[in-house]
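Last residue of the sequence shown: number 654 in our numbering, and the count goes up by one each step with no gaps.
Beneath this line is the structure, given in structure tokens, with notes to follow.
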Amino acid sequence: GFNREERADGEWSLFWCAGQVDPSDLRHLKWYQKVNKFPKASALTLKSNLWANFARMQRIHGAAKYDYMPATFLLPNQCETFEQTMQDDMRATWDSIWIIKPAAAYCGKGIFLHRSSDELPDHVRQHRGVACRY
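Right under this line is the structure:
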């Protein structure tokens with residue numbers, strides 16, 4: 521079974537954190553204590569941060585080494601570029617589909633598909649997250 525420990529300096533073995541972990545708390549862990557989070561994990565776990573880091577790696581190391589991700593745009597910052605790419609897609613093919621994902625949701629919440637169109641609807645323009653070619 522499990523026992524709840526209220527004190528950080530107690531004899532616990534698992535610290536289950538719902539929010540961000542304070543790095544100073546990690547420095548004081550005993551060898552047997554585990555935490556369910558890593559500091560700065562949002563660089564990978566938030567879709568918008570993951571794409572921003574991926575794009576940064578493309579700039580640093582060259583796009584050829586990082587060409588395995590579909591076209592992705594940070595919304596709303598890259599909305600105009602996304603819209604232009606969609607219009608270019610429409611000229612090439614009529615059935616281009618984009619998956620729009622919120623920046624910080626999980627389990628599929630807030631995800632929707634958008635077919636290329638001449639103009640982005642307002643709910644896509646105001647969306648905070650990423651748009652990826654599907």
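The C-beta atom is built at its ideal place from N, Cα and C for all residues, glycine as well.
These numbers were taken from a predicted model, which means no experiment stands behind them.
{"Asked": "Alpha-carbon spacing of L640 relative to E603, whole angstroms", "Found": "7 Å"}
{"Asked": "Cβ-based burial, L564 [other Cβ within 10 Å; buried from 16]", "Found": "exposed"}
{"Asked": "Inter-residue spacing [alpha-carbon to alpha-carbon] between A654 and G582", "Found": "According to the sequence shown, residue 654 is Tyr rather than Ala. In a straight line, the C-alpha of Y654 is about 23 Å away from that of G582."}
{"Asked": "Proximity below 8 Å, CB of G649 to CB of L595", "Found": "yes"}
{"Asked": "Start-to-end residues for the alpha helix (DSSP H) that takes in F602", "Found": "C599 to A612"}
{"Asked": "Candidates R611, Q646, N573 and I631, of which the one nearest A637 by Cα", "Found": "Correcting the residue type first, residue 637 is Ser in the shown sequence and not Ala. Of R611, Q646, N573 and I631, the residue nearest in Cα terms is R611."}
{"Asked": "Same chain, Cβ closer than 6 Å to K557, neighbours up to 5 away in sequence not counted", "Found": "C537 and V541"}
{"Asked": "DSSP state of K585 mapped onto helix, strand, coil", "Found": "helix"}
{"Asked": "Where A561 falls, given that 16 or more other Cβ within 10 Å makes a residue buried", "Found": "exposed"}
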